[in-house]
Every structure is written in C-alpha cells, then in structure tokens.
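S.K.:
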Amino acid sequence: MALGSGSARGWAHIGVINALNKIGIKPDIVCGTSIGALVGGMYVTDHLDTLHQWILTLDKREIIKYLDINLLTGGGFVEGKSIINFFQDHMGDQEIESLRKTFASVATELDTGKEVWIQSGSILESIRASMAIPGIFTPVNKDGIWLVDGGIVNPVPISVCRALGADKVIAVNLNGDIVGKHTRSKQLQSLHPTIAEETLISRFAEKVKGHANHYFPELFEEGETAPGLFEVMASSINIMQDRITRSRMAGDPPDILLSPKLASIGLMDFDKAAESITAGEKAVHQVEHYLLDMINDQ
C-alpha cells in the first residue's frame, strides 16, 4: 500500500485502511510520503485506532497548540517537536526494523534533491523527516543529511512498494482534484462573506505574525487582487504534487488507484478529520469489486 502526501487530506488514509481491513485486505508492505508516512506508521505500529480517535477531537485551537512556531532557527515556521512529543508520549516509538510489516517513509535530501527511503531507525523520526513541508516545517537532520518532505520527489510511493517486494500495489492519491482549490475557496468566500469561516491557515498566519512582532505584516495579508503568502504556498504545493504524481504514475502505475474526493479539504484543515475519513472509505467502496478480484487472482 502506497500512501500519498497531502497534508490534512491525509486523514483519508485512515478511512481507506479501515475499509480495506473490513473486506479482508491487510497489506504486508506499507510505504508513505509525508502525511502518508504518519498514518502508515501508526498502522504498522498498531496505533491507528488511537490516532483515529484523537484526530476526531481536534479543533482549530487544539491544532494551533501543536504548531510550535520558531522564527529563529530558519528553514520553516514550525519545528514539529510538539506533535512528535505527543506521539511519543501517547503512542510510543519503535525501531522500523522491529516491525512485523515492512515499512518505509520517503523524504528528500535537501542538498542534492535525492529521494531517500527511510527503512531503519526511529519510526517517529522517519515520519517527521517525511513531513517536513518546505517553508512550513523545519528540515530534519538525519545522519548529517538535511531532509525535507518526500512529496517533492515522490508524492505517492508506488516505486518504493515495488522495490521492497510488493506483488500488487494499492495506491492512494490525495491530490487528484485540488489544483485551484484555494483560489476557488477565496472566490466562494467573496460571494458568501457571511458564511465564510476563518481558516486554519489564516489563524496560523496570525500566530506567525505575532511571533514576528508585526515587522512584516504585509507578507501575510491577502489583498483584494493579490493572493496572500500562505495561499500562494498552499496552491504551489498542490500544483507541484499533482504534476509530479501524474508523471510518476504514468511510468509506474499501481494495480489499484484510490483517489478520494477531497477538494473541500485545505492544506491545514486537520480539524476536518471525519469528512476526510469518510471520503477515504467511499473511495474503497467504489472499487471494492476490483480490489477483491485483484486479491482472488493472486
């Protein structure tokens, strides 16, 4: 199973895994990129149910609490220590080599652009490296090498699954319908300002501005014609991951591709877990007979 990147849309992976388990499909090899590494890591360490229950309690205030802003170290606004410490305290850490299932996370070597497959050591460290979204999360130094988000080079790690011995690969692409999502959302809000809700990205921007003492507030403001900093970042990441995913899958397609409908989920809408999980379950139900045929053919 190849679990793709997509930030908050990644909660859909939980719905996918649960729906697959219900029809008797339990993958032996799990590879993940970014949020896919997080959900995949929780699955192979038998903590997926704990993660599932926790994310259903998240609201915007709770999420902001885990965004440990640090503008002094550079490389990203968020250090990521708070969230990793949470998983360490509540779910523990394991060495990847000790797992019953084969697991790998994908990261990117910052200096060379090389794709890195992390198959040993702390699973939480491997997850943190794979999730280091450029400009948002600070890079991770592993064995003297600076690593950032694997979505830069391999958003849906089908190739990793095959390299590790998979006979059949089920891939989950979270980015199939999200290009232009942020622009469409802004247009919708301009048409319906009375029902537009404050987004987590705007709250995050306000927190960053507070830490910067408002020296450069213009960086975070969205004008009437020009998009704001975080809107540009989110849309750019969406475009990049969509194009890279299409290119990689054209040369190495999975046996089954699941593409949950997640256009309504923003880059940092982690509080929309229930909606994302349901989308993941629906994606499995839509191709259930193909999945069962694939398993029966083995």
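In terms of this note's numbering, the sequence shown opens at residue 965 and continues consecutively. Beta carbons: idealized from backbone N, C-alpha and C, even for Gly.
1. Using 10 angstroms around the beta-carbon of ALA1130, count the other beta-carbons present and answer buried if the total reaches 16, otherwise exposed.
2. Among VAL1133, PRO1121, ILE1229 and GLU1252, which one has its Cα closest to the Cα of THR956?
3. Using a Cβ distance threshold of 8 angstroms, determine whether the region 1065-1072 contacts the region 980-997, with at least three qualifying pairs required.
4. Closest to VAL1042 by CA distance: which of HIS1054, PHE1051, ILE1028 and PHE1050 is it?
5. Restricting to Cα atoms, I'd like to know which of ALA972, GLU1059, LEU1138 and ALA1227 is closest to LYS1024.
6. For ALA1135, tell me which candidate among GLY988, VAL1008, LEU1255 and ARG1207 has the shortest Cα-Cα distance.
7. For the candidate residues ASN1118, ILE1201, ASP1233 and ARG1207, whose alpha-carbon lies nearest to that of THR1072?
8. What is the residue span of the beta strand (DSSP E) that LEU1231 lies within?
9. Over the uninterrupted alpha helix (DSSP H) stretch that includes VAL1124, give me the two end residues.
10. How far does the alpha helix (DSSP H) with VAL1074 in it extend, from its first residue to its last?
11. Quick one: Cα of LEU984 to Cα of MET1258, how far?
12. LEU1020 and ALA1227: beta carbons closer than 7 angstroms?
13. Pick helix, strand or coil for THR1209, following the three-state DSSP scheme.
14. Relative to the C-alpha of GLY1004, which residue among ARG1092, GLU1252 and SER1046 is closest?
15. What is the DSSP secondary structure of ILE1082, reduced to helix, strand or coil?
16. How big is the Cα-Cα spacing for GLN1153 and ALA1243?
17. Please tell me whether GLY968 and LEU1138 are closer than 7 angstroms, where the distance is taken between their beta carbons.
18. How many Å lie between GLY979 and ASP1075 at the Cα?
19. Relative to the C-alpha of PRO1218, which residue among ILE1082, ALA1127 and LEU1231 is closest?
20. Taking its Cβ as the centre, do 16 or more other Cβ atoms sit within 10 Å of GLY970, making it buried, or is it exposed?
21. Between SER1123, VAL1248 and ASN1202, which lies nearest to MET1213 when the distance is taken from Cα to Cα?
22. When you compare only the Cα positions, how much space is there between GLY988 and ILE999?
23. On the criterion of 16 or more Cβ atoms from any shown chain inside 10 Å, does GLN1205 qualify as buried, or is it exposed?
24. Would you mind sorting ASP1113 into buried or exposed? The rule is 16 or more other CB atoms within 10 Å of its CB.
M.R.: According to the structure shown:
1. Burial state of ALA1130 is buried, judged by a 10 Å Cβ sphere holding 16 or more other Cβ atoms.
2. This structure cannot speak to residue 956, because the chain is shown only from 965 to 1262.
3. With the cut-off at 8 angstroms, the region 1065-1072 and the region 980-997 touch.
4. Of the listed residues, the one whose Cα sits closest to VAL1042 is ILE1028.
5. Sorting ALA972, GLU1059, LEU1138 and ALA1227 by C-alpha distance to the C-alpha of LYS1024 places ALA972 at the top.
6. Here the closest residue by C-alpha is LEU1255.
7. The shortest C-alpha separation from THR1072 is found at ASN1118.
8. Premise fails: LEU1231 is in no beta strand (DSSP E) and is neither H nor E.
9. Where VAL1124 is concerned, the enclosing alpha helix (DSSP H) stretches over 1122-1127.
10. For clarity, residue 1074 is Leu in the given sequence; the question names Val instead. Unbroken run through LEU1074: none, as it is neither H nor E.
11. Each residue's Cα considered, the two are about 13 angstroms apart.
12. Taking a C-beta distance under 7 angstroms as the contact criterion, LEU1020 and ALA1227 do not qualify as a contact pair.
13. Helix, per DSSP.
14. Nearest option by C-alpha distance: ARG1092.
15. Three-state DSSP puts ILE1082 in a strand.
16. Residue placement at GLN1153 is poorly supported in this model, since its pLDDT is 42, which falls under 50; the coordinates still yield a value, given next. Looking at the two C-alpha atoms, the distance is approximately 23 angstroms.
17. Result yes, Cβ atoms of GLY968 and LEU1138 sit closer than 7 angstroms.
18. CA-CA distance, GLY979 to ASP1075, rounds to 36 angstroms.
19. Of ILE1082, ALA1127 and LEU1231, the residue nearest in Cα terms is ALA1127.
20. When all chains shown are included, GLY970 counts as buried.
21. Of SER1123, VAL1248 and ASN1202, the residue nearest in Cα terms is SER1123.
22. Going from the Cα of GLY988 to the Cα of ILE999 covers about 24 angstroms.
23. Result: buried.
24. With 16 or more neighbouring CB atoms inside 10 Å of its own CB, ASP1113 falls in the buried class.
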